[in-house]
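Input: a single structure, listed below in structure tokens.
Residue numbers (the numbering used here), protein chains in the order written: chain A, 207 to 663; chain B, 207 to 663.
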């Protein structure tokens, strides 16, 4: 029963229950052969989907090396379960094979006590750097770095550097860059591996190393790390302390995950849920994560309702206003969100500065007002056609123009103000802008209607 | 006037006008020295900000090599202007120094005619692969790949492969991977550069090459390319045609940009603007990009207003309903957006499949209804406190529960339906969900009020 790898990948994608049925029938040897064919990332996907019994069998069939590759690729919030399905005597060996940053991430997912137990089961020379890595918060450069890297002295020759790679290649997997450190451990330069092939082996490392290089300190936020990698097209970035001592390095593949995380964080914030929430969480977890945000939104929408409350007399005289009222508020919200998205992205990309803020605000106000005029004309026409009331059309049109002006203003000014106050603009801008446009929409529409009540049909 | 690099970086970040004043006073030699100190990505940032005169002077002071590094790092929609500030006789030399994928991107930004002119100015051996690259759409694997790479035969020795790198290292900058192709040009394997150092130079390439490798065809969408890089931690991916012929390769740093692009695309879609829009665009461009979306939203909000229109009689009897009406609709929209964000992300991460869709839907309905009960109780209390009307409180509470049920249902079912219909869920889900919650919110609240009108105070 030997089938090509792509067959299994298709089966896993399209019909997982059929794949599970295969697992039940297959012998241990057959499964081992299959696992050797698959990429660790695909095995991680499978492991996440299996029930406990099948998962335990599968993890037992993985070689130590393969298990060490698979485990870090399992989704963070599932790593706990997966580790429990590994035999206790096998776990230290697997951890020994893993990169230090992956072990640190793994231990952070476990309860404090279990993590300590595992640390104590490791030999001192393994656990000491691990404790060091664990001392940095997860979302900083220190939390992203690994301690495995190849160090050479600036005084050694390229032939000696090549020898150092040969000796350390078992432990250090990625060797695109070799780090040059002096006798105190201070970083002096970096040596791209191709230099070892391109240059004369008798040359000294200090002659051919890159002396201009980027480095970062461990306490820097991961978002800044991600920006640096993407701006300067970095593949591997050394982490140094304040005195220049080399502590570790960050590889681009770990940063790709951060870039994705930071990007979906923004979407989650806009939508008012936590990044930690997953579709597979139980209903009560969802409730706990979403309710506080809904409650906050309820308060802001009560504020908007209070504005409507001011105009009950007007509404009593002309109940048709209640029909058109949500349109004015809603369109303001939509237009405000558009401005907000453009400005927030502009801030993130560094295109918006306090220097050009005034020019951008004026432009947003112009674009917003023009959109308001167009939408106002259309809605004035619709209202006239529906109610044969010219003044109602006028009120609706003017209110839309006013509210799209407010939308442009708040959608531009609020993220800038938050930036100025050093609050993340993506965090709170959305609610404030839609509250502003709700309030302004109801106020302008019902206020104008009150003023022009005598002329309304 | 020689100052450290970090001084200038700070100045550029914090006070660009002061930096411009420096540029005006500084001699050509001083500026040249400064430029040699800066990273090409920082020079690109500066070039984008300068006016035409200063930009022309600065581009003239860049060496050909440095200009070739800077130009691809200028933002796409600014590359046209920057190229115009380069002396016409210098441009072909600069293009000659650039990587093929960067040249293709550059030419795509130019008017057809100018692009043709540049292509014709290049020697045949340069322009032929360029025309090939230009034949692939920008947002596919073919559009991302570069043709520069190092090829070796499986029959050659590692020593010969090292020699091939030495010969080709001028043209090919990144050499982490060497590609092994047979005499027909069909890809057979890849050779990580460290193997040249770790293995015996007399061994044959075919003995030490990686025979399991990922490759991709040029017509694959860039989003899938990005997913592959991030799932499998790839640094460099060969592009092959249907018969396995090696066409080029994609490097991770170009994919990082795609990952960021795709991520902000989702935010833009949620907010209803185009990814192409920038804060610095003129107001009329913004108008043109945003108006169609607002118009579409206007139509859906008219639909919601029509529902309110059905209940004018009810509203006439009890105008207080108009005050609470927007709260029911708004809270439904907020809760629906939360479900939508979780489900859309779950689909993107592959956590939601048609297999577990039913379970997830039931869970969302449970969480939504529970949120509805909590919010309903609160609002029933608020309404009773405000209007001393128990029945109004009851109507408001029940309507909130009903609308949060609809929010959970539409926030879950609509992205799944769109996925089933093979439409991108991020594209249209937002509008459909908020339209559904507006309609359901107005209908349930005003409908219940109509039914219970006799008991309302």
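From the three backbone atoms N, C-alpha and C, an ideal C-beta is built for every residue, glycine too.
Just to make sure I have the definition right: I need the residues of chain A whose C-beta is within less than 7 angstroms of the C-beta of residue i. Which are they?
i, result
"residue 270 of chain B", "Residues of chain A passing the Cβ test: none, with the nearest at roughly 20 angstroms."
"residue 438 of chain B", "245, 247"
"residue 413 of chain B", "Under the 7 angstroms cutoff, chain A gives no residues; its nearest Cβ is about 17 angstroms from residue 413 of chain B."
"residue 507 of chain B", "532, 533, 536, 537"
Which chain B residues sit within Cβ distance under 8 angstroms of residue i?
i, result
"residue 296 of chain A", "None at all; the shortest Cβ gap to chain B is about 24 angstroms."
"residue 658 of chain A", "Simply none; closest approach about 19 angstroms."
"residue 492 of chain A", "548, 569, 570, 573"
On the criterion of 16 or more Cβ atoms from any shown chain inside 10 Å, does residue i qualify as buried, or is it exposed?
i, result
"residue 509 of chain A", "exposed"
"residue 585 of chain B", "buried"
"residue 644 of chain A", "buried"
"residue 258 of chain B", "exposed"
"residue 352 of chain B", "buried"
"residue 587 of chain A", "exposed"
"residue 640 of chain A", "buried"
"residue 568 of chain A", "exposed"
"residue 390 of chain A", "exposed"
"residue 449 of chain B", "exposed"
"residue 208 of chain A", "Confidence at residue 208 of chain A is low in this model, with a pLDDT of 39, below 50, so the placement of that residue is unreliable and no value is reported for it."
"residue 322 of chain B", "exposed"
"residue 372 of chain B", "exposed"
"residue 377 of chain A", "exposed"
"residue 293 of chain A", "exposed"
"residue 175 of chain B", "Only positions 207 to 663 of chain B appear in the structure, and residue 175 of chain B is not among them; the question remains open."
"residue 299 of chain A", "exposed"
"residue 239 of chain B", "exposed"
"residue 248 of chain A", "buried"
"residue 655 of chain A", "buried"
"residue 317 of chain B", "exposed"
"residue 488 of chain B", "exposed"
"residue 233 of chain A", "exposed"
Report back the beta-carbon spacing between residue i and residue j to the nearest angstrom; my notes put them in contact at under 8 angstroms.
i, j, result
"residue 313 of chain A", "residue 324 of chain A", "6 angstroms"
"residue 500 of chain B", "residue 540 of chain A", "6 angstroms"
"residue 461 of chain B", "residue 432 of chain B", "5 angstroms"
"residue 466 of chain A", "residue 436 of chain B", "6 angstroms"
"residue 291 of chain B", "residue 261 of chain B", "5 angstroms"
"residue 464 of chain A", "residue 428 of chain A", "5 angstroms"
"residue 411 of chain B", "residue 375 of chain B", "Between residue 375 of chain B and residue 411 of chain B the Cβ distance is about 18 angstroms, and since that is not below 8 angstroms, they are no contact."
"residue 637 of chain A", "residue 503 of chain A", "7 angstroms"
"residue 546 of chain A", "residue 621 of chain A", "6 angstroms"
"residue 619 of chain B", "residue 493 of chain A", "Not a contact, Cβ separation roughly 20 angstroms."
"residue 426 of chain A", "residue 549 of chain B", "Wrong, their Cβ atoms sit about 34 angstroms apart, outside the cutoff."
"residue 355 of chain A", "residue 455 of chain A", "5 angstroms"
"residue 286 of chain A", "residue 332 of chain A", "Rounded, the Cβ-Cβ distance is 21 angstroms, inconsistent with contact."
What does residue i reach in chain A if we use C-beta pairs closer than 9 angstroms?
i, result
"residue 710 of chain B", "Within the shown structure, residues of chain B are numbered from 207 to 663, placing residue 710 of chain B beyond reach of any answer."
"residue 383 of chain B", "Within chain A, no residue comes near residue 383 of chain B; the closest Cβ sits about 10 angstroms away, beyond 9 angstroms."
"residue 552 of chain B", "484, 485, 486"
"residue 455 of chain B", "Simply none; closest approach about 15 angstroms."
"residue 514 of chain B", "528, 529, 530, 531, 532"
Quick one: list the residues of chain B neighbouring residue i, beta-carbon separation under 9 angstroms, in chain order.
i, result
"residue 375 of chain A", "400, 403, 404"
So which residues of chain A does residue i contact, with C-beta pairs closer than 8 angstroms?
i, result
"residue 421 of chain B", "Per Cβ cutoff of 8 angstroms: no residues; residue 421 of chain B is ~13 angstroms from chain A at best."
In chain B, what lies closer than 7 angstroms to residue i by C-beta?
i, result
"residue 459 of chain A", "439"
inquiry  = I'd like the ranges of any alpha helix (DSSP H) spanning at least 4 consecutive residues and lying wholly in the region 239-299 of chain B.
reply    = 246-255, 258-267, 270-276, 285-290
task = Give a yes or no on contact between the region 609-628 of chain B and the region 571-586 of chain B, applying the rule of three or more CB pairs nearer than 8 angstroms.
result = yes
Completely contained beta strand (DSSP E) runs for the region 408-458 of chain B, where each covers 3 or more residues = 442-446, 452-457
query = Using 8 angstroms as the Cβ pair cut-off and three pairs as the minimum, do the region 400-411 of chain A and the region 352-372 of chain B touch?
reply = yes
request  = State whether the region 440-450 of chain A contacts the region 388-397 of chain A, with contact taken as three or more CB pairs (one from each stretch) at a distance under 8 angstroms.
outcome  = yes
ask   = Mind pulling the alpha helix (DSSP H) runs of 4 or more residues that sit fully within the region 505-554 of chain A?
value = 518-523, 526-554
Cβ contact check for the region 529-549 of chain A and the region 589-605 of chain A: 3 or more pairs under 8 angstroms = yes
query = For the 8 angstroms Cβ check, are there 3 or more pairs between the region 412-426 of chain B and the region 260-275 of chain B?
reply = no
query = Would the region 511-521 of chain B and the region 642-662 of chain B be scored as touching if the rule is three or more Cβ pairs under 8 angstroms?
reply = yes
task = Taking only runs that begin and end inside the region 334-375 of chain A, name each unbroken beta strand (DSSP E) of 3 or more residues, in chain order.
result = none
message = Please give the ranges of any alpha helix (DSSP H) in the region 565-636 of chain A, keeping only runs that are unbroken, at least 4 residues long and fully inside the region.
response = 596-626
ask   = Touching or not, the region 269-283 of chain B and the region 306-320 of chain B, by the rule of three or more beta carbon pairs under 8 angstroms?
value = yes
task = Write down every uninterrupted run of the beta strand (DSSP E) in the region 302-336 of chain A whose length is 3 residues or greater and which is fully enclosed by it, in chain order.
result = none
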